[in-house]
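A.B. asks: Please see the structure below; I have some questions.
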Amino acid sequence: MKNRITELFDIQYPIIQAGMIWCSGWELASAVSNAGGLGLIGSGSMYPEVLKDHIQKCKSATSKPFGVNVPLLYPDIDKHIKTIIDEKVKIVFTSAGNPKTWTNILKQEGITVVHVVSSSKFAKKSEDAGVDAIVAEGFEAGGHNGREETTTLCLIPAVEESVDIPIIAAGGIATGKQMMAVMILGADGVQVGSRFAASIESSAHKMFKEKIISLAEGETHLSLKELTPVRLIKNKFYYDIEKAEQDCVSKEELERILGRGRAKKGMFEGDMNEGELEIGQVSSLIKKIEPAADIVNEIWSEYFNIKNNLAL
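In numbering that gives the first Met the number 0, the protein residues as written are 0 to 311.
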């Protein structure tokens with residue numbers, strides 16, 4: 000398939016693997032890229048020297064394009080940017096911050112820049128900042144989310160009317176049917192997180208993967224809106240946060256309860272009670288842990304078959 004996203008990244012399918020903290024290392028990124036999509040290394044949970052190691056291993060594991068996701072709130076972001084430039088990474092997805100801060104610097108190095116947004120307002124601001132494409136991420140998504148709580152099916156057409164650059168839909172997408180829905184609404188590609196978090200190559204803990212595929216509808220919830228909104232699996236940690244929010248504790252108290260390393264504790268180390276477990280609503284549709292290449296192929300085959308049937 001050729002469209003604005005496959006041509007922008009020089010990939011076979013307009014399917015992008017989200018750069019998820021504690022899940023998206025070089026093994027997952029290279030597997031997705033080798034399968035014809037675009038793999039992303041999630042740098043938000045990595046020290047600069049760890050990111051360098053993952054980039055180098057990804058280069059060795061694939062000759063296909065891959066990128067790095069960089070949360071702009073990362074404390075040592077200047078070191079990550081230097082590593083990306085030094086290692087000649089060609090694609091960067093930025094999120095959780097102002098795209099004006101680093102876009103020009105990255106583009107001067109010949110890097111394709113994509114920014115993640117949750118509203119048409121910030122999609123337009125990202126376009127004005129000079130990014131090459133945007134990820135429009137709906138309320139259904141896991142991880143850091145928008146405060147507006149706009150669902151993907153409402154967000155994509157609104158963003159499509161606001162910008163001229165390519166749009167990648169994210170939030171609630173794990174199947175070819177869902178890919179078809181957002182493509183009809185104006186997206187040029189999709190970013191898939193939760194399903195890849197539960198892949199064999201994901202660096203997440205086995206217990207977290209097994210938890211993902213056991214979830215039913217309603218077992219995730221958008222939380223921590225006073226800090227940085229994040230969709231969480233309902234466990235002891237989630238209920239501690241919920242009680243604190245109901246008690247109207249201060250932002251400082253929420254930060255104390257959150258503490259340090261909660262996401263690592265849950266998603267990477269496998270503590271299903273006290274850990275922060277970030278995942279999307281679509282997890283209720285994910286029923287097996289499978290290779291990343293199979294996920295890419297299943298999504299694409301389902302999408303392609305529907306598209307052909309619609310054309311008849």
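C-beta: ideal position from N, C-alpha, C; glycine also.
#1: Are there 16 or more other CB atoms within 10 angstroms of the CB of aspartate 270, so buried, or fewer, so exposed?
#2: CA-CA distance, glycine 171 and glycine 137?
#3: Leaving out the 5 sequence neighbours to the left and right, which residues in its chain are closer than 7 angstroms to histidine 204 when beta-carbon positions are compared?
#4: Distance check for leucine 154 and serine 117, CA to CA, integer angstroms please.
#5: Per DSSP, asparagine 68 is paired with what?
#6: In terms of DSSP beta bridges, what is threonine 174 paired with?
#7: So, for glycine 43: in the same chain, excluding its five sequence neighbours on each side, which residues have a beta-carbon less than 8 angstroms away from its beta-carbon?
#8: What does the alpha-carbon distance come out to for the pair alanine 140 and threonine 150?
#9: Exposed or buried, which one is leucine 27 when buried takes at least 16 other CB atoms within 10 Å?
#10: What's the call for alanine 197, buried or exposed, on a 16-neighbour Cβ count within 10 Å?
#11: Counting pairs of Cβ atoms below 8 angstroms between the stretch 124-138 and the stretch 254-265, do you hit three or more?
#12: Could you check if leucine 223 is buried or exposed, using at least 16 other CB atoms within 10 Å of its CB as the buried criterion?
#13: Would you report the Cα separation of isoleucine 76 and serine 283, rounded to the nearest angstrom?
#14: In angstroms, rounded to a whole number, what distance separates the CA positions of glutamine 245 and serine 23?
#15: Specify the secondary structure class of serine 348 as computed by DSSP and reduced to three states.
#16: DSSP three-state call for glutamate 147: helix, strand or coil?
#17: Along the chain, where does the alpha helix (DSSP H) containing glutamine 16 start, and where does it finish?
#18: Can you tell me whether DSSP reads glycine 265 as helix, strand or coil?
#19: Short check: CB of isoleucine 285 to CB of serine 193, under 8 angstroms?
#20: Whole-angstrom Cβ separation of threonine 82 and lysine 51, contact assumed at under 8 angstroms?
#21: Applying the 10 Å Cβ sphere with the 16-neighbour rule, what's the burial state of proline 290?
#22: For glutamine 177, count neighbouring C-beta atoms within 10 Å of its own C-beta (all shown protein chains included) and say buried if the count is 16 or more, exposed if not.
#23: Going by DSSP in three states, threonine 82 sits in which element: helix, strand or coil?
#24: Identify every residue that forms a DSSP beta bridge with alanine 135.
#25: Suppose the cutoff is 7 angstroms on Cβ atoms and the five residues either side in sequence are ignored; what does the same chain contact list for aspartate 131 look like?
#26: Under DSSP, the alpha helix (DSSP H) around arginine 255 begins and ends at which residues?
#27: Please list, in chain order, all residues of the same chain as isoleucine 305 whose beta carbon is under 7 angstroms from its beta carbon, the five residues on each side excluded.
#28: Leaving out five residues before and five after leucine 226 in sequence, what residues of the same chain have Cβ atoms less than 8 angstroms from its Cβ?
#29: On a Cα-Cα basis, can you pick out the residue from Lys78, Leu37, Ser29 that is closest to threonine 61?
#30: Tell me the residue span of the alpha helix (DSSP H) that contains isoleucine 211.
#31: Throw me the rounded Cβ distance for the phenylalanine 65 and serine 32 pair, which I believe falls under 8 angstroms.
#32: Let's see if you can read the secondary structure: which residues bound the beta strand (DSSP E) around serine 222?
C.D. replies: Based on what the coordinates show:
#1: What you label residue 270 is simply residue 271 of the sequence shown in a count that begins at 1. Looking at its Cβ environment, which holds 16 or more other Cβ atoms inside 10 Å, aspartate 270 is buried.
#2: By 1-based counting over the sequence shown, the position of residue 171 is 172. By 1-based counting over the sequence shown, the position of residue 137 is 138. If I take the Cα positions, the gap works out to 8 angstroms.
#3: The sequence position of residue 204 within the sequence shown is 205, counting from 1. Closer than 7 angstroms at Cβ, skipping near neighbours: Met266, Phe267, Glu268, Gly269.
#4: For the purposes of this step, residue 117 is taken as residue 118 along the sequence shown, with counting starting at 1. For the purposes of this step, residue 154 is taken as residue 155 along the sequence shown, with counting starting at 1. Computed Cα separation, rounded: 8 angstroms.
#5: The residue you call residue 68 lines up with position 69 of the sequence shown. Partner(s): Gly41, Phe92.
#6: Position 175 of the sequence shown, counted from the start, is the residue given in the question as residue 174. Answer by DSSP bridge pairing: none, since threonine 174 is not bridged.
#7: To locate residue 43, count along the sequence shown from 1; it is residue 44. Answer for glycine 43: Gly18, Ile20, Asn68, Val69, Pro70, Tyr73, listed in chain order.
#8: Start at 1 with the first residue of the sequence shown, and residue 140 comes out as number 141. Start at 1 with the first residue of the sequence shown, and residue 150 comes out as number 151. Answer to the nearest angstrom: the Cα atoms are 9 angstroms apart.
#9: Within the sequence shown, the letter at position 28 stands for residue 27. Its Cβ being crowded by 16 or more others within 10 Å, leucine 27 is buried.
#10: As a working mapping, residue 197 is identified with position 198 in the sequence shown. Counting Cβ neighbours within 10 Å, alanine 197 comes out buried, since at least 16 surround it.
#11: no
#12: In the sequence shown, residue 223 corresponds to position 224, counting from 1. The residue in question, leucine 223, is buried, as its Cβ has 16 or more Cβ neighbours within 10 Å.
#13: As a position in the sequence shown, residue 76 is number 77, starting the count at 1. As a position in the sequence shown, residue 283 is number 284, starting the count at 1. One C-alpha to the other measures close to 34 angstroms.
#14: Numbered from its first residue, the sequence shown carries residue 245 at position 246. Numbered from its first residue, the sequence shown carries residue 23 at position 24. Distance between the alpha carbons of glutamine 245 and serine 23: 33 angstroms.
#15: Missing from the structure shown is residue 348; the chain here goes from 0 to 311 and no further.
#16: For the purposes of this step, residue 147 is identified with residue 148 of the sequence shown, where counting begins at 1. Residue state, collapsed to three classes: coil.
#17: The residue you call residue 16 lines up with position 17 of the sequence shown. It is not in any alpha helix (DSSP H) - glutamine 16 instead sits in the beta strand (DSSP E) that spans 14-16.
#18: The residue labelled residue 265 in the question sits at position 266 within the sequence shown. If DSSP states are grouped into helix, strand and coil, glycine 265 belongs with the helices.
#19: Here the question's residue 285 lines up with position 286 in the sequence shown. Here the question's residue 193 lines up with position 194 in the sequence shown. Their beta carbons are under 8 angstroms apart, which means isoleucine 285 touches serine 193 by this criterion.
#20: As a position in the sequence shown, residue 82 is number 83, starting the count at 1. As a position in the sequence shown, residue 51 is number 52, starting the count at 1. That pair is a contact at about 5 angstroms.
#21: For the purposes of this step, residue 290 is taken as the residue at position 291 of the sequence shown. The residue in question, proline 290, is exposed, as its Cβ has fewer than 16 Cβ neighbours within 10 Å.
#22: Your numbering for residue 177 matches position 178 in the sequence shown. Result: buried.
#23: The residue you call residue 82 lines up with position 83 of the sequence shown. In this structure, threonine 82 counts as helix in the three-state DSSP scheme.
#24: Locating residue 135 in the sequence shown gives position 136, where the first residue counts as 1. Per DSSP, Val116, Ala168.
#25: Mapped onto the sequence shown, residue 131 falls at position 132. Cβ neighbours of aspartate 131 beyond the five flanking positions: Leu7, Thr111, Val112, Val113, Ile164.
#26: Locating residue 255 in the sequence shown gives position 256, counting from the first residue. Per DSSP, arginine 255 belongs to the alpha helix (DSSP H) from 250-257.
#27: Looking up residue 305 in the sequence shown gives position 306. Counting only Cβ-Cβ distances below 7 angstroms, and skipping sequence neighbours, we find Gly175, Lys176, Met179.
#28: Your numbering for residue 226 matches position 227 in the sequence shown. Closer than 8 angstroms at the Cβ level, and outside the excluded window around leucine 226, lie Lys250, Leu253, Glu254, Leu257.
#29: Position 62 of the sequence shown, counted from the first residue, corresponds to residue 61. If we check each option's Cα against that of threonine 61, Ser29 comes out closest.
#30: In the sequence shown, the residue the question calls residue 211 occupies position 212. 205-211 is the extent of the alpha helix (DSSP H) around isoleucine 211.
#31: Taking the first residue of the sequence shown as position 1, residue 65 is located at position 66. Taking the first residue of the sequence shown as position 1, residue 32 is located at position 33. Yes, they are in contact, since the Cβ atoms of phenylalanine 65 and serine 32 sit about 5 angstroms apart, within 8 angstroms.
#32: One-based indexing of the sequence shown puts residue 222 at position 223. Start and end: 219-222.
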